[in-house]
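The next block holds one structure in the form of structure tokens; read it before the comments.
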DNA sequence: CCCCAGGCGTCCA
DNA sequence: TGGACGCATGGG
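Residue numbers (the numbering used here): 2 to 215.
In structure tokens, the structure reads:
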């Protein structure tokens with residue numbers, strides 16, 4: 002586990018040249034590997050569309066073509082364009098990001114294609130608001146460590162973490178990157194092969210079926 | 001061939 | 001209100 006975590010630099014983990022790229026990346030990475038998002042971002046940059054203002058005015062088909070590698074590209078293209086238009090209507094990225102955390106969140110969550118995780122990701126990594134981001138990796142790690150069997154509930158996990166930590170954006174960026182990188186190495190199902198799992202020693206699944214006895 | 005990916009909106013019991 | 005489903009390309 003330490004070998005994985007020691008290589009993470011929270012300032013490099015979600016790197017972006019502009020705040021706009023955080024918004025674009027947050028939408029494109031939904032249910033998608035980051036390597037495919039990078040391809041799409043390169044395409045958008047090459048076409049001069051890697052900003053909220055340019056996306057708002059861009060041709061829908063050209064957006065679709067550029068972001069195809071991320072999958073769900075028709076949905077994402079429409080949502081990217083409409084979200085960009087809404088943000089421009091609200092004064093642009095800089096103004097929206099300068100709003101108080103709750104007002105920013107309310108705008109983000111009202112956008113089609115922006116749910117709780119995406120809104121929190123944008124607020125945290127784009128606007129430096131101290132909000133903890135939950136995702137499937139976070140849930141995968143927590144549910145195994147604490148032996149939770151109930152369905153994934155975003156709000157419950159978020160409230161629990163924020164209740165036992167100081168509300169600090171840099172801390173939450175670091176924690177999120179840890180959960181994601183750890184989660185990537187944790188089995189998806191109740192896989193009995195735990196030898197190389199970074200959390201095998203504290204995983205309730207392994208304890209239950211005895212595969213961690215060594 | 002299979003399963004999975006840094007979700008979300010919609011629909012239905 | 002929560003569980004299933006469609007969205008779709010790319011990688012292992």
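Every residue, glycine too, gets a C-beta built ideally from N, C-alpha and C.
query                                                                                                                          : result
Stretch pair the region 62–80 + the region 25–33: three plus CB contacts closer than 8 Å                                       : yes
Burial state of residue 22, where buried means 16 or more other Cβ atoms lie within 10 Å                                       : buried
Residue ranges of each alpha helix (DSSP H) within the region 41–126, 4 or longer                                              : 53–58, 61–68, 74–90, 94–99, 102–110 and 117–122
Start-to-end residues for the alpha helix (DSSP H) that takes in residue 200                                                   : It is not in any alpha helix (DSSP H) - residue 200 carries neither H nor E in the DSSP assignment.
Cut-off 7 Å between Cβ atoms - residues of its own chain near residue 17, not counting five sequence neighbours on either side : 23 and 26
Neighbourhood of residue 89 by C-beta distance below 7 Å, restricted to the same chain and skipping five residues each side    : 53, 54 and 57
Cβ contact check for the region 101–113 and the region 152–159: 3 or more pairs under 8 Å                                      : no
Beta strand (DSSP E) runs contained entirely in the region 129–195, provided each spans 3 or more residues                     : none
At least 3 beta-carbon pairs within less than 8 Å: the region 175–193 vs the region 123–142                                    : yes
Residue from 140, 125, 189 and 206 whose Cα sits closest to the Cα of residue 168                                              : 125
Limits of the unbroken alpha helix (DSSP H) element including residue 21                                                       : 20–29
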